[in-house]
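Asks: Got a structure for you, questions after.
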Amino acid sequence: MNDQPPAVEVRSLHVRFGDVEAVAGVDLAAGAGQATALLGRNGAGKSTTMRVLAGVVPPTAGSATVAGFDVRREPVAVKRATGYCPDVGGLVPRATAWEHLQLAARLRRLVGWEDRGRDLLERFGLGDASHRVTGGFSHGMGRRLSVVLATLHEPEVLLLDEPFDGVDPLGVEATLEAIADARARGACVLVSTHLRELAIEACGDVLVLRGGSQVAMLTADEMAGEEGARAYRALLD
């Protein structure tokens with residue numbers, strides 16, 4: 044029996060922006076070596092939940108802890124413990140891919156990271172583009188670089204928000220490998236996506252969100268195949 048506390052724990056999470064309740068009651072517990080998908084349509088509350096867990100957006104009500112740190116009281120510690128790929132933005136258009144890695148390494152005081160950085164860029168098909176400014180990157184290339192930056196320091200908790208959006212098969216495969224690698228070294232991984240097939244391929248558990256609310260927590264096996272597709276459609280209706 045595993046007596047370790049969850050690496051990520053969310054209880055009755057609510058997030059409100061003015062009159063809009065973006066997240067309306069989410070509960071989640073995810074452990075080390077576990078990958079959990081946040082699955083739902085656009086506007087389901089996936090990205091807002093991920094921003095809370097990354098220490099970017101404070102919860103309006105409820106609680107969330109990441110790697111033992113309270114996201115409301117200890118957002119800096121949360122950011123240190125996580126690797127976060129945001130759903131949009133996060134890149135500096137006039138900086139090259141390699142300069143992004145250099146900055147990330149400097150901010151996290153990494154030593155001897157260069158070989159891993161080169162390997163990640165190659166794995167994600169960005170080796171030849173490492174000295175190009177990201178302002179000229181396609182959407183998919185930007186997504187791939189964001190995953191590289193999130194995984195570079197081998198974080199305790201890896202948060203990937205829509206990492207498959209607009210990404211070609213090479214990038215999808217590299218991202219799946221990065222998730223598997225993170226799990227193998229004991230990291231907790233959360234992946235938000237609207238793509239059911241990739242959610243169940245990447246993760247063992249699936250949290251289904253609709254309109255900001257949690258509607259189901261299922262295993263990947265329960266979400267697989269035609270039966271899983273029908274169950275997912277029913278949850279979204």
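For this note's numbering, add 43 to where a residue sits in the sequence shown, where the first one is 1.
All C-beta atoms, glycine included, are put in the ideal place defined by N, C-alpha and C.
1. Quick check on H57: does DSSP put it in helix, strand or coil?
2. Can you give me the Cβ contacts of L164 inside the same chain, cut-off strictly under 6 Å, excluding the 5 residues immediately before and after it?
3. What residue does the alpha helix (DSSP H) around T218 start on, and which one ends it?
4. Report the rounded CA-to-CA distance for R123 versus R273, giving the unit in angstroms.
5. For G76 and D162, what's the separation of their Cα atoms in angstroms?
6. With a 10 Å radius around its C-beta and 16 neighbouring C-beta atoms as the bar for buried, classify S181 as buried or exposed.
7. With distances taken from CA atoms, which of A193, D70, D62 and D113 is nearest P129?
8. From V176 to L201, what does the alpha carbon distance come to, in whole angstroms?
9. Assess, as a yes-or-no matter, whether the segment 100–108 is touched by the segment 47–59 under the definition of 3 or more beta carbon pairs within less than 8 Å.
10. I'd like to know whether the C-beta atoms of V66 and T92 end up nearer to each other than 7 Å.
11. So A87 packs on G255, CB below 8 Å; how close in whole Å?
12. Could you give the distance in angstroms between the alpha-carbon of R226 and the alpha-carbon of F207?
13. With G183 and G209 assumed to form a contact (beta carbons below 8 Å), what rounded beta-carbon distance in angstroms separates them?
14. What is the C-beta distance between G132 and H237, in whole angstroms, given that I count them as a contact (C-beta under 8 Å)?
15. Reducing DSSP to helix, strand and coil, say where R186 ends up.
16. Report the residue from R115, G111 and A110 whose alpha carbon sits nearest the alpha carbon of D98.
17. In the DSSP assignment, the alpha helix (DSSP H) including R149 goes from what residue to what residue?
18. Just the Cα atoms here: how many angstroms apart are D113 and V51?
19. Three-state secondary structure (DSSP) at A97?
20. My output table needs one value for M266: the three-state DSSP class, helix, strand or coil.
21. Work out the CA separation of Y275 and R187 for me, nearest whole Å.
22. Helix, strand or coil: which one does DSSP assign to D230?
Replies: Looking at the coordinates:
1. strand
2. G170 and S173
3. P212 to A227
4. The alpha-carbon atoms of R123 and R273 are separated by roughly 40 Å.
5. 23 Å
6. exposed
7. A193
8. Straight-line Cα distance between these residues: approximately 25 Å.
9. yes
10. yes
11. Right, the Cβ-Cβ distance comes to about 7 Å (below 8 Å), so this counts as a contact.
12. If you draw a straight line from the Cα of R226 to the Cα of F207, it is about 18 Å long.
13. 5 Å
14. That belief does not hold up - the Cβ atoms of G132 and H237 are roughly 19 Å apart, past 8 Å.
15. Here R186 sits in helix by DSSP.
16. Just to set this straight, residue 98 is Gly in the shown sequence, not Asp. Looking at the Cα atoms, R115 is the closest of the given residues.
17. A140 to L150
18. 10 Å
19. coil
20. Looking at M266 - three-state DSSP - the assignment turns out to be helix.
21. Taking the straight line from one Cα to the other gives about 27 Å.
22. Asp is not the amino acid found at residue 230; the sequence shown has Ala there. Reduced to three states, the DSSP call for A230 is coil.
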